[in-house]
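The structure appears right after this line, and notes come after that.
Number of protein chains: 2
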Amino acid sequence: MNKMSMKWLLLLQLLQLTCYFSSGNCGKVLVWPVEFSHWMNMKTILDELVMRGHEVTVLQSSASTLIDPNKPLAMKFETFPVSLTKDDFQTLAKILIETWMLAVKDFFWIHLSTIQSLFDEFSDIGMKICSEVVSNKKLMTKLQESRFDVVLADAVGPCGELLAEILKVPLVYSLYFSPGYLVEKRSARLSFPPSYVPVMLSELSDHMTFMERVKNMIYVLYFDYWFQLYDEKKWNQFYSEVVGRPTTMAELMGKAEMWLIRNYWDFSFPRPRLPNVEFVGGLHCKPAKPLPKVLWRYDGKKPDALGPNTWLFKWIPQNDLLGHPKTKAFITHGGSNGIYEAIYHGIPMVGLPLFADQPHNIVHMTAKGAAIRLDLETMSTEDLLNALKEVINNPFYKENIMRLSAIQHDQPMKPLDRAIFWIEFVMRHKGAKHLRPASHNLTWFQYHSLDVIGFLLACVTTVVFVITKCCLFCCRKFASIGKKRKRD
Amino acid sequence: MNKMSMKWLLLLQLLQLTCYFSSGNCGKVLVWPVEFSHWMNMKTILDELVMRGHEVTVLQSSASTLIDPNKPLAMKFETFPVSLTKDDFQTLAKILIETWMLAVKDFFWIHLSTIQSLFDEFSDIGMKICSEVVSNKKLMTKLQESRFDVVLADAVGPCGELLAEILKVPLVYSLYFSPGYLVEKRSARLSFPPSYVPVMLSELSDHMTFMERVKNMIYVLYFDYWFQLYDEKKWNQFYSEVVGRPTTMAELMGKAEMWLIRNYWDFSFPRPRLPNVEFVGGLHCKPAKPLPKVLWRYDGKKPDALGPNTWLFKWIPQNDLLGHPKTKAFITHGGSNGIYEAIYHGIPMVGLPLFADQPHNIVHMTAKGAAIRLDLETMSTEDLLNALKEVINNPFYKENIMRLSAIQHDQPMKPLDRAIFWIEFVMRHKGAKHLRPASHNLTWFQYHSLDVIGFLLACVTTVVFVITKCCLFCCRKFASIGKKRKRD
């Protein structure tokens, strides 16, 4: 570690000490993260928490790829051993990405069934890692003794809610989306009216024709009644065994005090929200730092035909590149982090989505007039050139992305500050119960008032039946009196 | 006007001038207010807008009671003549209050039908005033020429949306509630799931038993399909005539860019919200100013039995009184402004609700353990004394109100600042279209996906019918072949 890094670390430790001995408002945060781009986003929050003097401990498995050895990190990493190696993990991730990228080209239902099997596989690995954490007595005792104030977890990676339950610590989630919005629906109790909220992965916008609404409804029904994000039966059994009472994954996840959704209305279409759901999309964006004059990200052997004015780098800071005054357009695979950086800096896009949420993200940008979408498989060089020329020269795209950029910049409070506020709020008040809708105490049957509707229908039917019977009885009575009189 | 007031006015005018010639961010606000306590709340927003250099013009009828002649106001008042006098208006308001106070004691359905007739009466007066504004050519020309940046209106007093439509100016609403949440449902497109959101005026909490949920559902059905806030047919016709094309009141109200709801989760039970709905309850609360030592608000003849240590005042500043360090409890009729002041200063309450939303407000406070409710008609002196002793001496009430107070004070941004932010946002961007859900473009039939469900059911029925027919056809075919073979 060099001198600068040492100074930096000392400064941060001093900050934490000051915080502890003065205001007493600083807390201890346990983090259960998800790898890759999820981690990049989470790290922004953690860096800010550290800057504000909180003590941050990240739980990571020995197979994790989170730590960048070139950068000093002021947060602690608590590494626990797992039977998986780093290589195993990276191979698995590679297979996931490659399979999904191939599946995207398939017919939608085949695509979804492929995702289903991928999720099943990752669900098993996730459970393995999770069981290795909670059965690690030494680690769990250490975590218990650390007396954390909050568990911060990514809601797409299970186990965070189990740790929060065992440690009896309030839970805060970070989440971009879950397929079919299943987690958001079942655990956050958010509603997604199928008439104007397109299901994630459906590639529809919020303005749908009748047939698009039919399509969206079919997707909703498919996800709600067929798709399984994790093998729920297995997870529910596992969680019940660990907790020592019958419970479900959805129940433990539903205990989250606050949901920090990594989206906002510059990117997403407006839809219902709840008091304990905060939209903090773009929290990782920041003003750009200066760049060297010419550069190129490339990891392999230097091509022979490369001109002398092109520099190759293993990794370049995308945010600084997008914020460079000469950047005119962004060719993107459509990851949400990258799109947010383009929105922040007002750069129109050409989208070449590969897999996962990327096609859906690009649909959002094309619907808002800030991007052109191309198909990586079928496009020609000319297609790409034309698309680039169009987004650069047609003011329509620049105007729209600048409008989105204005929305991102013109908020009552910066998204990162809002995220930090609510994490600190949960630490200060040991939760945020006042934001929790009472719907969490209802079964889905009660939530949709099906029992009440059934009861009222039964009442109405009974009343109608009794009245009809009475009328018939009276009619018969009168008829029989009439007949009797006639006979008499 | 005294010297101080003159200085104050000059200072504010200077502020406006500075604002116009420097940042250019200041705008022109046209206000369509509602009288009495609604005005007190609205005035807080307007004072702040004026303080920030905006030019505020309040439209008021000649029958209005808004202006307090003893106080200098830096906002403009544009007074238009109406055929009603101030006395007429006050008599009508008195009748409304007295009739409603009597109706509260009736059986719920009689109570509601009384409210219905009161609303019908006020609807007619409202339409009279509204038609006198929009047909006042001189006034309308003046307003047109003023080129306002935003219309700020109270959503329970109709006409603001019509003015915004005629003047082609974006609209922002302030609203506490409408009976049955009808305005919120039809014009803001907010959803109120009957399973956990008690209907306003129902006096239920968010944790309901089965029979309470049945009761709530019946109220919802009553309000949705029977109750009329205004005579909608008349208003729709009137608005269509003025606008010159077929329109409805709900449609024009639905154009609002932002809804500022005067409620928050310290007072209200958590429920679904939308991106263009901001909860700013308690925006009028502020730290208390010092008070004289003993005081009493009383408007009539001084009672003979009055002790020498009691001072009588025509009016006392409730907020300063509640914020006095010696204040231990608050006997309140349960108006939302007063309850918010008690929450802000952490004073437990004894509630004696009289009419309108007051019983419902007190139910919120009793459910949150911050108040005891009594019945003004039936209570004895001892009841009041016991209730007071209980809220003062039992730490349960103080702890709960202090918890609510902490929630009110511990927000990412003060409610008044948030309200002002969004009004200024609408002025800066000429609207807030990015927050508007696409549900506004759907009929209620489409919104609930009834057309899609119908279509899918029809498809399923057709498929089942065709398959059954085919099966029957095949069966018959086989049967006839069998018979034929037997015969052969």
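As given, the protein sequences belong to chains L and Z, one line each in that order. One point on numbering: in full-length UniProt numbering, the residue at position 140 of the first sequence is 140, and numbering is uninterrupted. One point on numbering: in full-length UniProt numbering, the residue at position 428 of the second sequence is 428, and numbering is uninterrupted. Every residue, glycine too, gets a C-beta built ideally from N, C-alpha and C.
How is Z/D154 classed by DSSP in three states: helix, strand or coil?
Along the second sequence, read from residue 1 onward, the residue named residue 154 of chain Z stands at position 154. Reduced to three states, the DSSP call for Z/D154 is strand.
Assigned secondary structure, L/T114 (DSSP; H/G/I helix, E/B strand, else coil):
Translated into the one-based positions of the first sequence, residue 114 of chain L becomes position 114. Three-state DSSP puts L/T114 in a helix.
Cβ pair Z/L84, Z/A63 closer than 9 Å:
The residue given as residue 84 of chain Z occupies position 84 in the second sequence. The residue given as residue 63 of chain Z occupies position 63 in the second sequence. For Z/L84 and Z/A63, yes; Cβs fall inside 9 Å.
Under 8 Å Cβ-Cβ, which residues of chain Z neighbour L/R418?
The residue you call residue 418 of chain L lines up with position 418 of the first sequence. Neighbours of L/R418 on chain Z, chain order: P412.
Check each residue of the region 431-458 of chain Z: if its Cβ is closer than 8 Å to any Cβ of chain L, include it; give the result in chain order.
Here the close residues are H434, L435, R436, P437, A438, S439, N441, L442, Q446, Y447, H448, S449, D451, V452, I453, F455 and L456.
Could you name the residues of chain L that Z/I481 contacts, counting a contact when the two beta carbons are closer than 8 Å?
The residue given as residue 481 of chain Z occupies position 481 in the second sequence. Going along chain L, no residue has its Cβ under 8 Å from Z/I481, so there is no contact; the nearest lies around 38 Å.
Do you know whose CA, among L/A288, L/Q411 and L/I481, lies nearest Z/D417's CA?
Working through the second sequence from its first residue, we reach residue 417 of chain Z at position 417. Considering only alpha carbons, the answer is L/Q411.
Output needed for Z/S178: all residues of its chain with C-beta closer than 8 Å, excluding positions within five of it in sequence on either side, in chain order.
Taking the first residue of the second sequence as 1, we reach residue 178 of chain Z at position 178. Taking C-beta separations shorter than 8 Å and ignoring five residues to either side along the sequence, the partners of Z/S178 in its chain run A155, V156, E184, M200 and L229, following chain order.
By how many angstroms is the C-alpha of Z/G323 removed from the C-alpha of Z/K43?
Counted from its first residue, the second sequence places residue 43 of chain Z at position 43. Counted from its first residue, the second sequence places residue 323 of chain Z at position 323. In a straight line, the C-alpha of Z/K43 is about 20 Å away from that of Z/G323.
Let me know if Z/G482 comes out buried or exposed under the rule of 16 or more other beta-carbons within 10 Å of its beta-carbon.
For the purposes of this step, residue 482 of chain Z is taken as the residue at position 482 of the second sequence. Counting Cβ neighbours within 10 Å, Z/G482 comes out exposed, since fewer than 16 surround it.
Using beta carbons (cut-off 9 Å, strictly below), is Z/Y219 in contact with chain L?
For this step, residue 219 of chain Z is matched to residue 219 along the second sequence. Not closer than 9 Å to any Cβ of chain L, the Cβ of Z/Y219 fails to qualify, so no.
For Z/F148, which option in Z/D206, Z/W100, Z/F107 and Z/K28 has the closest C-alpha, if you only look at C-alpha atoms?
Position 148 of the second sequence, counted from the start, is the residue given in the question as residue 148 of chain Z. It is Z/K28.
Return the chain-ordered ranges of every alpha helix (DSSP H) run that is complete within the region 68-142 of chain L and spans a minimum of 4 residues.
If we require 4 residues or more, the alpha helix (DSSP H) runs fully inside the region 68-142 of chain L come out as 86-103 and 108-134.
Would you call the CB atoms of L/S37 and L/S336 closer than 9 Å?
If you number the first sequence from 1, residue 37 of chain L lands on position 37. If you number the first sequence from 1, residue 336 of chain L lands on position 336. In this structure, L/S336 lies closer than 9 Å to L/S37 by Cβ.
Under 9 Å, Cβ to Cβ, is there at least one residue of chain L near Z/H429?
By one-based count along the second sequence, residue 429 of chain Z stands at place 429. So yes, Z/H429 belongs to the interface.
Would you kindly check if the distance between the Cβ of Z/W100 and the Cβ of residue 553 of chain Z is under 9 Å?
Any answer about residue 553 of chain Z is impossible in this case: the structure gives chain Z only from 1 up to 488.
Cutoff 9 Å: Z/L404 Cβ touching any chain L Cβ
Numbered from its first residue, the second sequence carries residue 404 of chain Z at position 404. The beta carbon of Z/L404 sits closer than 9 Å to some beta carbon of chain L.
Classify L/F396 as buried or exposed, calling it buried when 16 or more other Cβ atoms lie within 10 Å of its own Cβ.
One-based indexing of the first sequence puts residue 396 of chain L at position 396. Its Cβ having fewer than 16 others within 10 Å, L/F396 is exposed.
Against chain L, with Cβ distances strictly below 9 Å, would Z/S108 count as a contact?
On the second sequence, residue 108 of chain Z is found 108 positions in, with the first residue counted as 1. Just to set this straight, residue 108 of chain Z is Phe in the shown sequence, not Ser. Not one chain L Cβ lies under 9 Å of Z/F108.
Is L/L201 close to chain Z, meaning its C-beta is less than 9 Å from at least one C-beta of that chain?
Here residue 201 of chain L refers to the residue found at position 201 when the first sequence is read from its first residue. By this cut-off, L/L201 is not an interface position.
Whole angstroms is fine: what's the gap from Z/T381's alpha carbon to L/S240's?
Residue mapping note: residue 381 of chain Z aligns to position 381 of the second sequence, counting from 1. Residue mapping note: residue 240 of chain L aligns to position 240 of the first sequence, counting from 1. If you take the alpha carbons of Z/T381 and L/S240, they lie about 55 Å apart.
In chain L, which residues lie less than 7 Å from Z/I407 when you measure between Cβ atoms?
Position 407 of the second sequence, counting from 1, holds the residue named residue 407 of chain Z. The contacting residues are H434.
Roughly how many whole angstroms lie between the Cα atoms of L/H345 and L/I67?
In the first sequence, counting from the first residue as 1, residue 345 of chain L sits at position 345. In the first sequence, counting from the first residue as 1, residue 67 of chain L sits at position 67. One C-alpha to the other measures close to 28 Å.
When you compare each of Z/L283, Z/E161, Z/S135 and Z/Q408 to Z/W265 by their alpha carbons, which one comes out closest?
Taking the second sequence and counting its residues from 1, the one referred to as residue 265 of chain Z is at position 265. Z/W265 has its Cα closest to that of Z/Q408, out of Z/L283, Z/E161, Z/S135 and Z/Q408.
Once the 5 residues before and after Z/K76 are set aside, which same chain residues still bring their CB inside 8 Å of it?
Counting from 1 along the second sequence, the entry for residue 76 of chain Z is found at position 76. When the five nearest sequence neighbours on each side are left out, the beta carbons in the same chain lying within less than 8 Å of the beta carbon of Z/K76 are those of E55, V56, T57 and V58, in order along the chain.
State the beta-bridge partners of L/G351 as determined by DSSP.
One-based indexing of the first sequence puts residue 351 of chain L at position 351. L/T332 and L/R373, per the DSSP bridge assignment.
Whose C-alpha, out of Z/D224, Z/E78 and Z/A250, is nearest the C-alpha of Z/P193?
Locating residue 193 of chain Z in the second sequence gives position 193, where the first residue counts as 1. Of the listed residues, the one whose Cα sits closest to Z/P193 is Z/D224.
Measuring CB to CB, does Z/L321 end up less than 9 Å from Z/A370?
Position 321 of the second sequence holds residue 321 of chain Z. Position 370 of the second sequence holds residue 370 of chain Z. Taking the C-beta atoms as reference points, Z/A370 is found no nearer than 9 Å to Z/L321.
Using DSSP's beta-bridge definition, name the partner residues of L/L59.
The sequence position of residue 59 of chain L within the first sequence is 59, counting from 1. DSSP lists L/E78 as the bridge partner or partners of L/L59.
Drop a sphere of 10 angstroms on the beta-carbon of L/C130, count the other beta-carbons inside from all chains shown, and report buried for 16 or more, exposed for fewer.
The residue given as residue 130 of chain L occupies position 130 in the first sequence. The residue is buried, with at least 16 neighbouring Cβ atoms inside 10 Å.
Enumerate, from N- to C-terminal direction, the unbroken alpha helix (DSSP H) stretches of 4 or more residues contained entirely within the region 377-419 of chain Z.
The DSSP assignment places 381-393 and 395-409 as complete runs of the alpha helix (DSSP H) inside the region 377-419 of chain Z, in order along the chain (cut-off: 4 residues).
Which partner residues of L/Y222 appear in the DSSP bridge assignment?
Position 222 of the first sequence, counting from 1, holds the residue named residue 222 of chain L. Assignment of beta-bridge partners to L/Y222 by DSSP yields no partner.
Please decide whether L/S187 counts as near chain Z, where near means a Cβ-Cβ distance under 9 Å.
For the purposes of this step, residue 187 of chain L is taken as residue 187 along the first sequence, with counting starting at 1. By this cut-off, L/S187 is not an interface position.
Just to confirm, are L/V134 and L/L171 a CB contact at a threshold of 9 Å?
As a working note, residue 134 of chain L is residue 134 in the first sequence. As a working note, residue 171 of chain L is residue 171 in the first sequence. Taking 9 Å as the cut-off, the Cβ atoms of L/V134 and L/L171 do not count as close.
Endpoints, the beta strand (DSSP E) within which L/Y173 is located
Here the question's residue 173 of chain L lines up with position 173 in the first sequence. In the DSSP assignment, L/Y173 falls within the unbroken beta strand (DSSP E) covering L171 to L175.
Whole angstroms is fine: what's the gap from Z/I453's alpha carbon to L/M217's?
Numbered from its first residue, the second sequence carries residue 453 of chain Z at position 453. Numbered from its first residue, the first sequence carries residue 217 of chain L at position 217. Our two residues, Z/I453 and L/M217, have alpha carbons roughly 8 Å apart in a direct line.
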